[in-house]
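In our numbering, the protein residues as written are 1 to 669.
Quick notes on the structure that follows.
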């Protein structure tokens with residue numbers, strides 16, 4: 001029986017589809033419809049004539065992210081312990097910009113008039129100090145109803161140690177007709193501000209995500225199973241996503257990293273840097289055997305402590321707009337032209353110069369080969385837009401275009417340094433996996449600047465995030481705070497892990513995962529006594545061994561350790577993973593030494609070693625004509641449906657047995 005699997009990634013500019021059927025991958029891109037993302041998805045499925053045949057669809061969604069970034073969530077209320085009403089505004093008392101005299105602190109998602117208190121109190125061990133006062137709870141709920149609140153976040157002091165009061169408040173709030181988000185269910189972990197912020201995020205976007213998923217499912221055939229990507233790189237059922245919407249906040253970028261891990265490992269690389277350039281932003285992440293994870297994420301300036309892939313994002317994409325600051329310096333991004341009107345070259349009315357327009361002017365994007373020829377770029381409009389920048393700077397059109405590329409590349413280079421050098425990792429030990437619609441356009445120049453030795457361009461770089469949704473495992477995260485010295489924690493750690501593991505098995509069974517496909521991963525969050533930050537350490541059987549591993553990890557990350565200092569076990573973590581049976585990438589017979597035959601030649605502008613502009617007569621290759629073993633030499637342009645790859649003059653490469661292109665910089669003579 002034929003199974004039809006579909007992966008979907010909704011971006012700010014394009015919606016990407018990957019279809020797997022009868023052992024064959026197919027890709028498709030359509031312009032996104034931000035007002036209703038499901039419209040673009042259903043249109044793409046209709047274009048492929050598969051809407052009625054889909055068995056499983058996995059979706060990386062931006063609905064949650066956009067709601068937070070644009071402050072368009074539902075009317076949300078917050079119930080806290082008496083005295084903690086203003087925790088969202090007090091936070092950590094950190095300035096958003098340390099040296100700015102005009103720094104603006106973002107407003108909380110819940111205004112003060114919708115934040116209410118109840119009389120109750122637990123101590124740090126979860127013992128009841130003050131019983132929950134029924135009258136205060138009734139008054140709080142009446143106040144929220146009068147304020148027109150739809151969704152309520154419930155975050156009481158020390159509820160991670162004992163959820164008894166939160167559970168009762170949740171029952172009463174639900175009976176009053178509110179959608180609820182409960183901190184002891186979403187994040188039973190210490191740190192009051194971050195736990196409250198995460199719970200508020202979940203409440204703020206939960207009803208929106210639930211309505212969106214319901215609308216999407218109504219457009220899908222009854223037999224289709226819809227799964228949703230999470231920020232941690234795994235997928236969950238749409239039912240789970242409705243109640244835990246905050247887990248989907250960075251699902252699209254996370255899917256891209258999962259796809260990067262998949263293609264890098266297939267080509268034999270365990271250490272990689274994921275480099276994803278879309279229409280509005282660039283996402284970078286470190287892969288060290290697996291994607292690096294964090295629980296200190298920020299979404300739109302709001303903390304979320306739910307596990308997520310450690311992705312650093314900058315507002316630098318193909319649609320990023322070039323502009324001048326008050327000092328007259330050229331800037332690029334974070335403002336983006338999006339998909340409507342889009343870059344000037346799209347011919348949809350855009351007038352401001354973007355990164356895409358600069359690449360068109362430099363000859364690096366072929367107007368007639370964009371999206372496989374299904375969309376023709378307006379060369380004259382791109383020239384007009386970039387000329388406005390050139391006139392302001394009193395330089396040539398091509399110098400202005402190259403200046404735009406240099407500025408945006410500098411932003412991307414800084415992002416890669418954040419997730420590598422600042423994490424104690426040398427980027428020279430990694431391969432750069434370039435994807436997204438514009439990743440392969442910029443990858444070689446970025447790699448050269450960072451002295452990264454190799455670049456990998458996947459077979460479907462423009463839709464790798466959509467592919468990542470298809471290969472992602474089902475993943476459930478669990479955590480419990482215990483706060484004990486390592487030498488006294490063994491018994492408690494063992495007991496807590498047993499309880500979390502039992503919950504993991506139950507939840508994966510509800511997700512439809514077979515017993516033989518379940519994998520359990522155990523971790524401890526450790527720190528030196530007195531520290532305010534932790535490192536996550538894999539746990540096998542003994543806390544003592546985990547403490548030794550912590551000393552080594554601390555030295556690698558921070559450059560020192562102190563084996564004589566007491567180690568604390570802060571949190572016990574568990575991941576329950578349900579393996580996804582994805583088709584292996586087929587290895588093909590190599591035609592060693594085959595030299596590619598170009599489709600055409602075109603004039604392309606590059607910079608020489610001194611930064612001067614040099615025009616090269618550059619061969620253009622069709623990606624589908626490059627066989628395994630094909631040798632490539634720069635300068636070269638490789639076009640395909642979903643992206644364009646640029647090889648500068650000092651680069652060369654080959655097609656490996658998977659079909660990925662591996663590029664290297666020539667050794668300097």
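Even glycine gets a Cβ: it sits at the ideal position worked out from N, Cα and C.
Straight-line Cα distance separating residue j from residue i
i, j, result
"residue 320", "residue 342", "9 Å"
"residue 569", "residue 180", "31 Å"
"residue 173", "residue 141", "7 Å"
"residue 144", "residue 36", "29 Å"
"residue 314", "residue 395", "27 Å"
"residue 464", "residue 455", "15 Å"
"residue 333", "residue 385", "15 Å"
"residue 110", "residue 25", "45 Å"
"residue 204", "residue 152", "8 Å"
"residue 195", "residue 87", "11 Å"
"residue 671", "residue 154", "Here the chain has residues from 1 to 669 only, and residue 671 is not among them."
"residue 642", "residue 530", "51 Å"
"residue 373", "residue 639", "10 Å"
"residue 285", "residue 258", "10 Å"
"residue 462", "residue 238", "26 Å"
"residue 353", "residue 363", "15 Å"
"residue 360", "residue 347", "13 Å"
"residue 606", "residue 328", "25 Å"
Pair within 7 Å by beta-carbon distance, residue i and residue j
i, j, result
"residue 7", "residue 58", "yes"
"residue 233", "residue 254", "yes"
"residue 407", "residue 526", "no"
"residue 670", "residue 493", "With the chain represented from 1 up to 669, any question about residue 670 goes unanswered, as that position is not in the structure."
"residue 409", "residue 445", "yes"
"residue 671", "residue 628", "Past the edges of the chain, shown from 1 to 669, lies residue 671, and the structure says nothing about it."
"residue 397", "residue 390", "yes"
"residue 337", "residue 404", "no"
"residue 416", "residue 272", "no"
"residue 447", "residue 413", "no"
Residue i, DSSP secondary structure in three states
i, result
"residue 571", "strand"
"residue 250", "coil"
"residue 461", "helix"
"residue 141", "helix"
"residue 627", "coil"
"residue 644", "strand"
"residue 494", "helix"
"residue 474", "strand"
"residue 69", "helix"
"residue 198", "helix"
"residue 94", "coil"
"residue 554", "helix"
"residue 653", "strand"
"residue 507", "helix"
"residue 346", "helix"
"residue 190", "coil"
"residue 19", "strand"
"residue 429", "helix"
"residue 310", "coil"
"residue 578", "strand"
"residue 594", "coil"
"residue 25", "strand"
Same chain, Cβ closer than 7 Å to residue i, five either side skipped, listed in chain order
i, result
"residue 1", "In this prediction, residue 1 scores a pLDDT of 45, lower than 50, which makes its location untrustworthy; the coordinate-derived value is nonetheless stated afterwards. Excluding positions up to five away in sequence, the list is empty."
"residue 634", "647, 648, 649, 650, 651, 652"
"residue 5", "20, 55, 56, 470"
"residue 91", "193"
"residue 283", "253, 256, 276, 311, 313"
"residue 503", "478"
Residues near residue i by beta carbon distance below 8 Å, same chain, minus five either side
i, result
"residue 198", "183, 186, 187, 246, 303, 304, 305, 306"
"residue 387", "397, 400"
"residue 558", "424"
"residue 533", "527"
"residue 371", "29, 641, 642"
beta-carbon residue i near the ligand ZN non-hydrogen atom, thresh 6 Å
i, result
"residue 446", "As presented, the structure is devoid of all ligands, the ligand ZN included, so that no description of it is given."
Residues near residue i by beta carbon distance below 6 Å, same chain, minus five either side
i, result
"residue 659", "459"
"residue 325", "331"
Kindly confirm or deny that the segment 63-74 and the segment 298-307 touch, where touching means at least three C-beta pairs closer than 8 Å. yes
For the segment 206-214 and the segment 242-254, state whether three or more C-beta atom pairs, one from each stretch, are separated by less than 8 Å.
yes
Check your understanding: With a cut-off of 8 Å, do at least 3 Cβ pairs link the segment 69-79 to the segment 38-49?
Key -> no
Item to complete: Would you check if there are 3 or more beta carbon pairs closer than 8 Å linking the segment 107-122 to the segment 218-233?
Response: no
Quiz prompt | At least 3 beta-carbon pairs within less than 8 Å: the segment 611-624 vs the segment 341-358 | solution = no
**Asked** Quick check: the segment 505-525 against the segment 536-547, are there 3 or more CB pairs under 8 Å?
**Response** yes
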